[in-house]
Amino acid sequence: MEERLKKIKLLILDVDGVLTDGRIIFDSNGVESKFFNVKDGHGIKMLQRSGIEVGIISGRESQVVYNRAVELGIGQVYQKSLDKLVPYRQMLEATGLSDEQVAFMGDDVIDIPLLKRVGFAAAPADAVQEVLPFAHFVARNRGGWGAVRELCDLILKAQGTWESVTSRYYV
227 MEERLKKIKL LILDVDGVLT DGRIIFDSNG VESKFFNVKD GHGIKMLQRS
277 GIEVGIISGR ESQVVYNRAV ELGIGQVYQK SLDKLVPYRQ MLEATGLSDE
327 QVAFMGDDVI DIPLLKRVGF AAAPADAVQE VLPFAHFVAR NRGGWGAVRE
377 LCDLILKAQG TWESVTSRYY V
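Taken in order, the sequence shown gives residues 227 to 397; the numbers are from this note's numbering.
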């Protein structure tokens, strides 16, 4: 597992069920809300500081996702992607990376083709059972409750950048 993690230069994340707990809230005016975990966001920022790019591929489309991506400085955001391999190939082309340099966290059957392709496949603890055989890593936490942070920390530690990225907090 550690050898796979050392090669990672791009982390791609699903949204509903990974960056969120999967709930979608609509108010009486049809305004959509999602719950994001601040610890996941901090893990993403630490990965970016270490030089790892982060992208999003989601099957749904939501302005809330664009807003969160902007807040986190995530430039590659693909939504309404029912075939996630299409934007994945575009991301590889844009970055010049190979499959083995990419990690992906997904939680449902729509994510299986991408989980099978990337160098490091991950899933939150509450991913559907069909996803688990394709994951190199299953987080202890559920989607939207710190699963992404676990993966970010795992990558940083495997690549030996944890101390340099977190040193500012121990001054």
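Ideal placement from N, C-alpha and C gives every residue a C-beta, glycine not left out.
Query	Result
Can you list, in chain order, the residues of its chain with a C-beta nearer than 8 Å to that of TRP388? Leave out the 5 residues immediately preceding and following it.	ASP379, LEU382
What residue range does the alpha helix (DSSP H) around MET272 cover?	264 to 275
Give the range of the alpha helix (DSSP H) segment to which TYR292 is assigned.	289 to 298
In terms of residue numbering, what span does the alpha helix (DSSP H) encompassing TYR314 cover?	311 to 321
Relative to the C-alpha of LEU231, which residue among LEU245, LYS271, MET272, ILE278 is closest?	ILE278
Note the first and the last residue of the continuous alpha helix (DSSP H) segment covering ILE282.	That residue, ILE282, is in no alpha helix (DSSP H); its beta strand (DSSP E) goes 279 to 283.
Look at ARG347 and LEU377 and say whether their C-beta atoms are less than 8 Å apart.	Per the sequence presented here, residue 347 reads as Ala, with Arg not at that position. No, the pair does not count as a contact, with Cβ atoms beyond the cut-off.
Would you be able to state if there are at least three C-beta pairs under 8 Å between the segment 336 to 345 and the segment 264 to 280?	no
Rank GLU228, MET227, GLU229, LEU236 by C-alpha distance to the C-alpha of ALA320 and give the top, closest one.	LEU236
In the DSSP assignment, what are the bridge partners of LEU239?	ILE282, MET331
Check each candidate in ILE238, MET227, HIS268, LYS233 and name the one with the smallest Cα separation from THR392.	HIS268
So who's on the other strand from ILE251, going by DSSP bridges?	SER259
For a minimum of 4 consecutive residues, which ranges assigned as the alpha helix (DSSP H) are wholly contained in the segment 335 to 397?	338 to 343, 373 to 384, 388 to 392
Exposed or buried, what is ASP242 when buried is set at 16 or more other beta-carbons lying within 10 Å of its beta-carbon?	buried
Quick check: what's the CA-CA separation for PHE363 versus VAL328?	14 Å
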